[in-house]
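Asks: Sharing a structure below in structure tokens format, with a few things to ask.
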């Protein structure tokens, strides 16, 4: 059985104003990096034993996210990858992605990470406008982002992904076009372009509630989304998922596991796993995480069985994020029936509204459907 591996490294230099991922500024981590590495390695060993009845677990991908995993030392990252290879069958050609922020890597560290087997870096650029970066609470400048790409290229990385955001405070359609232009000029193999979502319990949410957060209008946000598609596809990138673009053969293999609703194991505080029809989420607290693992327990806070109508609905929902859509044959192979047998009414309604395209092979979003993707996907949840 194949499972993607996700490892959540909860440390960052400083928490950004929009971020609701579980992370701790390094100053608040109180030197717990070594304790975290010990624990995440032990958690992998616990999980491997717990799932031994499933037989050998093959790992085609490893994704180190956060937080900012590039803050770890090469020795710390090396221990994590060594343990992953000992606990799971990590293929020699596995995609091993490291999330990084500009300013957190130097040449020596980048080269060491490459030698450890990291072969893909996802760089959190977000914008090439310094005022927008300051508004987000980012720690880097546009020039530092460009320098980070040059450094990674010089140390042997030939698979880079740049994360971009639009709909930002103070952002205009013109400044977004400039960010896209500068991103394309760096020739990354992959790009993500996400619209800002103001999440609860973030500084942005507080400022919005107080009337201190000025965001682009919904009309401008849509124009930015469409500009991203136009500019990136014109530059030769395949628009393969609602918010993701890739050169041929450079899609994110790890994220496609999520979009196909296939099994994955998550390690670290707040990490989520989906295996054997159960979705489990780890505790969102480093101290509680360390305590649970020290007791030899899996640090799971919540677990939910995903089956029947819920599994079908979630498979449709995430599958439609891919521009290729949901293949009738793939749905039938997994559930024994075609999508129309379960969702005939929803499909007819969405096709009539111009949001969904249906042919003999697949269901997929139309361009209009992309603009209302969340509404379309909600139609398939029980």
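Numbering (our numbering), first residue to last: 450 to 831.
Just so you know, even glycine gets a beta-carbon here, dropped at the ideal spot from N, CA and C.
Would you report the Cα separation of residue 455 and residue 774, rounded to the nearest angstrom?
Replies: For the purposes of this step, residue 455 is identified with residue 6 of the chain shown, where counting begins at 1. For the purposes of this step, residue 774 is identified with residue 325 of the chain shown, where counting begins at 1. Going from the Cα of residue 455 to the Cα of residue 774 covers about 24 Å.
Asks: Between residue 766 and the rest of its own chain, which residues show a CB-CB distance below 7 Å, the 5 nearest in sequence each way excluded?
Replies: Within the chain shown, the letter at position 317 stands for residue 766. These residues qualify, in order along the chain: 826, 829 and 830.
Asks: In the DSSP assignment, find the beta strand (DSSP E) that holds residue 544 and state where it starts and stops.
Replies: Taking the chain shown and counting its residues from 1, one reaches residue 544 at position 95. Its beta strand (DSSP E) spans residues 538-549.
Asks: Need the endpoints of the alpha helix (DSSP H) that residue 817 sits in, please.
Replies: As a first step, residue 817 is located in the chain shown; it is residue number 368 there, counting from the start. Run containing residue 817: 816-820, per the alpha helix (DSSP H) assignment.
Asks: Would you identify the three-state DSSP class for residue 415, choosing helix, strand or coil?
Replies: Any answer about residue 415 is impossible in this case: the structure gives the chain only from 450 up to 831.
Asks: Sort 817, 699, 648 and 656 by Cα distance to residue 468 and report the nearest one.
Replies: Numbered from 1 along the chain shown, position 19 holds the residue referred to as residue 468. Comparing Cα-Cα distances from residue 468 to each of 817, 699, 648 and 656, the minimum goes to 648.
Asks: Under 8 Å Cβ to Cβ from residue 712, same chain only, skipping five residues before and after it: list those, please.
Replies: Position 263 of the chain shown, counting from 1, holds the residue named residue 712. Counting only Cβ-Cβ distances below 8 Å, and skipping sequence neighbours, we find 450, 451, 452, 453, 706, 723, 724 and 725.
Asks: Are the beta-carbon atoms of residue 516 and residue 577 separated by less than 9 Å?
Replies: The sequence position of residue 516 within the chain shown is 67, counting from 1. The sequence position of residue 577 within the chain shown is 128, counting from 1. For residue 516 and residue 577, no; Cβs fall outside 9 Å.
Asks: Is the Cβ-Cβ distance between residue 662 and residue 618 less than 9 Å?
Replies: In the chain shown, residue 662 corresponds to position 213, counting from 1. In the chain shown, residue 618 corresponds to position 169, counting from 1. Yes, the pair counts as a contact, with Cβ atoms nearer than the cut-off.
Asks: Please say whether residue 674 and residue 615 have beta carbons closer to each other than 9 Å?
Replies: In the chain shown, counting from the first residue as 1, residue 615 sits at position 166. In the chain shown, counting from the first residue as 1, residue 674 sits at position 225. Yes, the Cβ-Cβ distance between residue 615 and residue 674 is below 9 Å.
Asks: For a minimum of 3 consecutive residues, which ranges assigned as the beta strand (DSSP E) are wholly contained in the segment 640-695?
Replies: You should have 687-690 and 693-695.
Asks: Under 6 Å Cβ to Cβ from residue 699, same chain only, skipping five residues before and after it: list those, please.
Replies: Walking along the chain shown from the start, residue 699 turns up at place 250. Excluding residues within five positions, the ones whose Cβ falls inside 6 Å are 638 and 639.
Asks: Quick one: residues in its chain with C-beta nearer than 8 Å to the C-beta of residue 809, no 5 flanking neighbours on either side, listed in chain order?
Replies: Along the chain shown, read from residue 1 onward, the residue named residue 809 stands at position 360. Hits under 8 Å: 777.
Asks: Check this for me: beta carbons of residue 708 and residue 466, under 9 Å apart or not?
Replies: Taking the first residue of the chain shown as position 1, residue 708 is located at position 259. Taking the first residue of the chain shown as position 1, residue 466 is located at position 17. No. Outside cutoff.
Asks: If residue 603 and residue 551 are in contact, beta carbons under 8 Å, what's the gap, nearest whole angstrom?
Replies: By one-based count along the chain shown, residue 603 stands at place 154. By one-based count along the chain shown, residue 551 stands at place 102. That pair is no contact at about 15 Å.
Asks: What are the partner residues of residue 456, as DSSP defines its beta bridges?
Replies: Within the chain shown, numbered from 1, the residue matching residue 456 stands at position 7. 513 and 716, per the DSSP bridge assignment.
Asks: Excluding the 5 residues preceding and the 5 following residue 818 in the sequence, name in chain order all residues of the same chain whose CB lies nearer than 7 Å to its CB.
Replies: Reading the chain shown from its first residue, position 369 is the one you call residue 818. Within the same chain, residue 818 has close Cβ partners 804, 805 and 825.
Asks: Which residue marks the beginning of the beta strand (DSSP E) containing residue 754, and which one marks its end?
Replies: As a first step, residue 754 must be located in the chain shown, where it is residue number 305. Element bounds for residue 754: 749-754.
Asks: Could you check what DSSP says for residue 633 in three-state terms: helix, strand or coil?
Replies: Translated into positions along the chain shown, residue 633 becomes position 184. Correct three-state label for residue 633: helix.
Asks: With C-beta atoms as the reference, is residue 486 less than 9 Å away from residue 528?
Replies: Sequence index remark: in the chain shown, residue 486 carries index 37 (1-based). Sequence index remark: in the chain shown, residue 528 carries index 79 (1-based). In contact: residue 486 and residue 528 (Cβ atoms closer than 9 Å).
Asks: I need the straight-line Cα distance from residue 481 to residue 489, nearest angstrom please.
Replies: Here residue 481 corresponds to residue number 32 of the chain shown, with the count starting at 1. Here residue 489 corresponds to residue number 40 of the chain shown, with the count starting at 1. Straight-line Cα distance between these residues: approximately 12 Å.
Asks: How far does the beta strand (DSSP E) with residue 573 in it extend, from its first residue to its last?
Replies: Counting from 1 along the chain shown, the entry for residue 573 is found at position 124. From DSSP, the beta strand (DSSP E) with residue 573 extends over 569-575.
Asks: Looking at residue 512: is its Cβ nearer than 9 Å to the Cβ of residue 563?
Replies: By 1-based counting over the chain shown, the position of residue 512 is 63. By 1-based counting over the chain shown, the position of residue 563 is 114. No; because the gap between Cβ atoms is not below 9 Å, this pair is not in contact.
Asks: Do you know how far the Cα of residue 457 is from the Cα of residue 495?
Replies: Indexing the chain shown from 1 puts residue 495 at position 46. Indexing the chain shown from 1 puts residue 457 at position 8. Near 16 Å, if we compare the C-alpha coordinates of residue 457 and residue 495.
Asks: State buried or exposed for residue 823, treating a residue as buried only when at least 16 other CB atoms are found within 10 Å of its CB.
Replies: Position 374 of the chain shown, counting from 1, holds the residue named residue 823. By the neighbour-count rule (16 or more Cβ atoms within 10 Å), residue 823 is not buried but exposed.
Asks: I need the straight-line Cα distance from residue 796 to residue 759, nearest angstrom please.
Replies: Here the question's residue 796 lines up with position 347 in the chain shown. Here the question's residue 759 lines up with position 310 in the chain shown. If you take the alpha carbons of residue 796 and residue 759, they lie about 17 Å apart.
Asks: Report the rounded CA-to-CA distance for residue 514 versus residue 801, giving the unit in angstroms.
Replies: Working through the chain shown from its first residue, we reach residue 514 at position 65. Working through the chain shown from its first residue, we reach residue 801 at position 352. Looking at the two C-alpha atoms, the distance is approximately 40 Å.
Asks: Between the beta-carbon of residue 548 and the beta-carbon of residue 586, is there less than 9 Å?
Replies: On the chain shown, position 99 is the one that residue 548 refers to. On the chain shown, position 137 is the one that residue 586 refers to. No, they are not a contact pair.
Asks: Considering Cα atoms alone, identify which of 581, 568, 625 and 633 is closest to residue 595.
Replies: Residue mapping note: residue 595 aligns to position 146 of the chain shown, counting from 1. Ranking 581, 568, 625 and 633 by Cα distance to residue 595 puts 633 first.
Asks: Starting from residue 721, trace the beta strand (DSSP E) in both directions and tell me its first and last residue.
Replies: One-based indexing of the chain shown puts residue 721 at position 272. Run containing residue 721: 721-724, per the beta strand (DSSP E) assignment.
Asks: Helix, strand or coil: which one does DSSP assign to residue 701?
Replies: For the purposes of this step, residue 701 is taken as residue 252 along the chain shown, with counting starting at 1. Three-state DSSP puts residue 701 in coil, outside helix and strand.
Asks: Starting from residue 765 and walking both ways along the alpha helix (DSSP H), at which residues does that stretch end?
Replies: Your numbering for residue 765 matches position 316 in the chain shown. Here the alpha helix (DSSP H) through residue 765 covers 757-768.
Asks: Measure the alpha-carbon distance for residue 732 versus residue 683 and round it to whole angstroms.
Replies: Along the chain shown, read from residue 1 onward, the residue named residue 732 stands at position 283. Along the chain shown, read from residue 1 onward, the residue named residue 683 stands at position 234. About 43 Å.
Asks: When DSSP builds the beta bridges, which residues end up paired with residue 731?
Replies: Here residue 731 is taken as the residue at index 282 of the chain shown, counted from 1. BP columns for residue 731 point to 749.
Asks: For residue 670, count the other beta carbons within 10 Å of its own beta carbon; 16 or more makes it buried, fewer makes it exposed. Which is it?
Replies: Taking the first residue of the chain shown as position 1, residue 670 is located at position 221. Buried, since its Cβ has 16 or more Cβ neighbours within 10 Å.
Asks: Would you kindly work out how many angstroms separate the C-alpha atoms of residue 693 and residue 811, rounded to a whole number?
Replies: Here residue 693 refers to the residue found at position 244 of the chain shown. Here residue 811 refers to the residue found at position 362 of the chain shown. Approximately 20 Å between the Cα atoms of the pair.
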